[in-house]
Each structure stands twice: as structure tokens, then as C-alpha cells.
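Report on the structure given below.
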Amino acid sequence: MFPARYTVFILCIALAVIALVLTFALSGYFVWPFLIFAVLSAIGYLDVRQTRHAILRNYPVAGHFRFLFEAIRPELRQYFFESNQDGRPFSRERRSMVYDRAKDIEDVLPFGTELDVYDTSYGWVNHSICPKPHNHEDMRVTIGGPDCKHPYSASLYNISAMSFGSLSGNAILALNKGAKAGGFYHDTGEGSVSRYHRQGGGDLVWELGSGYFGCRADDGTFDADKFAKQAVEPQIKMIEIKMSQGAKPGHGGVLPGPKVTEEIAEARGVPVGTDCISPASHSAFSTPIELLHFIAQLRDLSGGKPVGFKLCIGHRWEFMAIVKAILKTGIKPDFIVVDGAEGGTGAAPVEFANRLGTPLRQGLTFVHNCLVGTGLREDIRIGASGKLISAFDIAGAMALGADWVNSARGFMFAVGCIQSQSCHTNRCPTGVATQDPKRQQALVVPDKAQRVANFHRNTLKSLRDFSAAAGLNHPREFKPEHFYLHEGLREIMPASVALSWLKKGALLEQSHNIAGYSTYWEMAEAESFLPVKSVEAAKSAHG
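The sequence shown begins at 2 in our numbering and counts up one residue at a time.
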């Protein structure tokens, strides 16, 4: 007697034998079923002999269905079982909103909301009984502090950092052409400025990561001459130092040599076919004061363009050390972009993606409060990024302290992404996140560029309408008191009460005891990112 789990395997053998007999006895047409069942029988034999998969040893032939269904599980859920509010990290309803706006078709919601408005995670904005007329003023913000010679007028909504190499050449080109058509900027990501960015002609923010791609010396350190040569190009409007990112804060990266094509090597300034390494930390600076001097150096080398940095908030004393360094040196970044831990387009280790870094709401309010509490807020602009794709998202970020907003995945949807979550496999089904030339051909640049511009225009139109309905003339007028949140199961309060807000200069007072701030302020110093006191010592210092 053979085990029941071998039934499919034995059946394949039996049918192969029967088909072989019928081939000789009746008709040659039976050779086809013989070949099919013979191949399945051979597969079953190999399954029993292999040692890598216990399931295949116990269930020869039949076990392969388990791997098949596991492979198509995301597609089955997305296309057959997912409701409008299901789907992670973006629900079908939110994705459909982007697709509709990108296609320039009506994005209305019939029959009322499907959200549970009594759920504790639900938030909203109260409307005004006297809504304002729609404002046609340009939705822009000027970025550039006292030391900046060439301030930049940025849109309130822009393309966040995504590198060429992570995205295909066609995707980069479509995004940049859309940015040019819509009058907003395109962050290059850590992979530097590629031929596709230049071909598109749209405004660029050049992101400098720890690999210093595009201005990298042979030993991987920063090369000032290479930086100066590229930074003065008119298409580059601002320089952004990447301290960390929401997808994998505190984590470096390696692009394996086989993936470093001629085009990627050209953009990054590395040899073709050689491992492309991004260390976890920068070599150009190691203290907060050195960071500020590096910012001043980049501003000088670029001819006075706005220079700032992007980070996902980690240890609070580290950011406060930067603030103290600003106060000590008098060198101010022109902007700070706060990335939420919920952000990220690239693949990351599970623990980094799920459990490392501060979410945007808390990180953004912390940065805003630190600058207000030290009297620096008026000279430093704040950007925000992390799952911000709707007018409500943008308005919410601005109410919590942002001057403008960046989005990566929103514009990925606009350019054709279907959230297949295969970005790291090089098998993106829409040609967005792949370097496979054949797959890239599916992405038609002129069509997708227009969709990028449409999505931007329609999102800002929705933001205008949303602001007017709240009784405001401009989104910059959104304040914490306009946004309501659930606190627990019963309490409902505005963000002005639910979150902490510092008064101007509060951290500069001789003595203060502000929950979540004063202790970390005592732990920070301008000369080091390391804490100078323990938590216990810092608490005792201010009572």
C-alpha cells in the first residue's frame, strides 16, 4: 500500500502507462497525453529524490500547486477578494483616486463613504458655514534662507526621491517630463542625475546620499570639484543631503555589480559592473557642527542654491543636537524634509520597514516644534513625505508644520504602478521599477508623462476646493485646530489639543520642563550626535 499523499504521483504514472499502451494499440494521438503524464511522472520522481523542500518529498507533483497558489496569492487577493478599503500599503479606493486623476477623469465617490467614521483611527476636517470662493493663486512656496542667493519657488506638491536604478529609465523620463509640464520638481533620489532626468528638462532636486553618487571620489568619499561642476547646472534647483529615509532608516545599501549598467554607472560616477555601495552613514561629516559646515560648503559650491537635508526622525537628542549646532554656528539649512517611517518605495528588511523610525505625524510636529522653540522656524522651510497622495493628506501635513509635501508612491501610481510589490525582483509588470529593457517598453513615456501632470494638477485643484470648503483662502492657513482626531474610544479633540505645541523660544528659556522635549534637549550637544547625559541625569537637570 502506498501513502495517500502519493495519489497524484501514482495516478500520473498509471495514466502515462495507459496512454503509452493506447498509443500502440489504438492511435498515435495518444502520444500527447503520454508525454504530458510522463513529464509529470518524471517531476514526481525528482520531487521524491530532492532534499530542499519537505512538501515536495511528501507530496510529489501535487506539492507544486502549493507554490503556484502562494506565488499568485497577492494577485488573487487584489483582483478577486479585496474590498475598496482593503489593500496595503494603499487601499484600492486611494489607488483608484490617483488613477482617475492621472487619467483626467472624474474621481467622485458614489453612495457615501465606506470608511468607519467612528473608528478610532478616523480623522477629519470641519467645514465652514461660510466657505470661501475658489482661490486660483499659484500653490507655491519660496525655499531659501538668509544665506541663499537663488531661492526656489516650489510647488506645494512634488515628486519625492526615487533613484534611476530603482526606477526604469522610461519611468524617470515620464516623471520628469510630467514635472516640467506641471511646473513642479522631481527629486533625483540617491542615484544622482541621469541622462533621463536631463532629457526630461524638469526642475531637479539633487539628493546626496552617503555614497555621494555624481560627486564621488575613487575611494567613495565626497569630491568637491565633481559636485561643483554638476551643481551649477540650471536644471538643478536645490541640493538635499539624505541623512536617512523612512523605508529603511539607518540602513545602507548595495547595488550588486551585475546590476550596475553603463547608464547607471554614468549617472552615479562608478565603474560598470562593480558593486555600488551606500554606507549607513556619511563620511563627509560625523558631528552636527560638521554637518552644518558641509551644508555651507555645498551652498557655496552650488553658487548659492538652497541646501537642506532629509531625515526620518530617530533619537530625538540627535536632531536637537543639529538644532544646537545651528544656534552655535549661525549656519542654517534652507530646508528640512521630514520622511515618515510609513514612507518608502524601495525594498527593505521587514524589521526596518515595520518597526524602525518615527511615523510622519510625530516626526513632523517634533521638527516643527524644535525650530519654533528655538526661534529658527521663520528661516527654515519644512517639507514632508510619507503616504501623502490626497488633498486631505497634504492639508494635514501642512497643518502639522509642513510648508510643502513630496510624494513618491502617488506619482508611481500616476506613471502606471499597480502595487504588485515586485519592485525588488526586476519583474515589475508595468515597467516602472525594473531595468529589464523589454518590460520597460510597456511604459509609453508621452502618455504617462501627461498622466503625471494630470495627477498633480487635479490633486492641487482638490486641495484648493478642500481649503475653500474649510473657510480658508490658502492651504497654508490650515492649523492644528482644523483637524480632529479620536483619542481613545470616546474623546474627540483637535490636533491643537491632542498634540504638543511649543511657544516661540520655549527651548531657549533658562529653565523649562516640556514633556518629550526638555529631557532630550539636556541630552543634546552641538559637538556630537551622542547623548552627553543619560535620561535619568537629564531629567534631574530640569527637575
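For each residue, glycine too, the CB sits at the ideal point set by N, CA and C.
Candidates the options, of which the one nearest residue i by Cα
i, options, result
"residue 97", "240, 487, 525 and 456", "456"
"residue 352", "185, 540 and 252", "252"
"residue 142", "536, 417 and 406", "406"
"residue 169", "509, 428 and 25", "428"
"residue 231", "306, 154, 248 and 264", "306"
"residue 268", "349, 212 and 300", "212"
"residue 364", "76, 500 and 190", "500"
"residue 320", "370, 397 and 425", "370"
"residue 335", "24, 301 and 25", "301"
"residue 393", "360, 425 and 468", "468"
"residue 258", "274, 21 and 390", "274"
"residue 382", "128, 388, 390 and 373", "373"
"residue 308", "83, 81, 290 and 152", "152"
"residue 265", "503, 190, 25 and 349", "190"
"residue 466", "70, 339, 183 and 138", "138"
"residue 454", "481, 359 and 416", "416"
"residue 62", "71, 75 and 43", "43"
"residue 389", "118, 532, 287 and 339", "339"
"residue 505", "263, 377 and 330", "377"
8 Å contact criterion, which residue i and residue j should meet: CB distance rounded
i, j, result
"residue 244", "residue 311", "6 Å"
"residue 215", "residue 194", "6 Å"
"residue 450", "residue 155", "About 20 Å; that fails the 8 Å criterion."
"residue 542", "residue 528", "Contact doesn't hold; Cβ gap of about 18 Å is too wide."
"residue 247", "residue 344", "3 Å"
"residue 180", "residue 210", "At roughly 21 Å, the Cβ-Cβ gap does not stay under 8 Å, so residue 180 and residue 210 are not in contact."
"residue 100", "residue 412", "About 12 Å separates the two Cβ atoms, so there is no contact after all."
"residue 102", "residue 459", "4 Å"
"residue 495", "residue 482", "5 Å"
"residue 160", "residue 188", "6 Å"
"residue 293", "residue 326", "5 Å"
Contact test: residue i Cβ vs the ligand SAM heavy atom, cutoff 7 Å
i, result
"residue 247", "Annotation note on the ligand SAM: not contained in the displayed structure, which lists no ligands."
Helix, strand or coil at residue i according to DSSP, with G and I counted as helix
i, result
"residue 277", "strand"
"residue 199", "helix"
"residue 379", "helix"
"residue 444", "coil"
"residue 510", "coil"
"residue 472", "coil"
"residue 143", "strand"
"residue 75", "helix"
"residue 541", "helix"
"residue 528", "coil"
"residue 160", "strand"
"residue 407", "strand"
"residue 428", "coil"
"residue 61", "coil"
"residue 153", "strand"
"residue 214", "coil"
"residue 206", "strand"
"residue 495", "strand"
"residue 185", "coil"
"residue 25", "helix"
"residue 223", "strand"
"residue 518", "coil"
In DSSP terms, what residue i is bridged to
i, result
"residue 337", "310 and 383"
"residue 165", "168"
"residue 126", "484"
Proximity test, Cβ basis, 8 Å: residue i and chain C
i, result
"residue 410", "Absence of chain C from the displayed structure is noted, only one protein chain being present."
As an exercise, report each continuous alpha helix (DSSP H) stretch of at least 4 residues that is fully enclosed by the segment 237-307, in chain order. 263-269 and 289-302
For the segment 93-118, list the alpha helix (DSSP H) runs that are entirely contained and at least 4 residues long, ordered along the chain. 93-103
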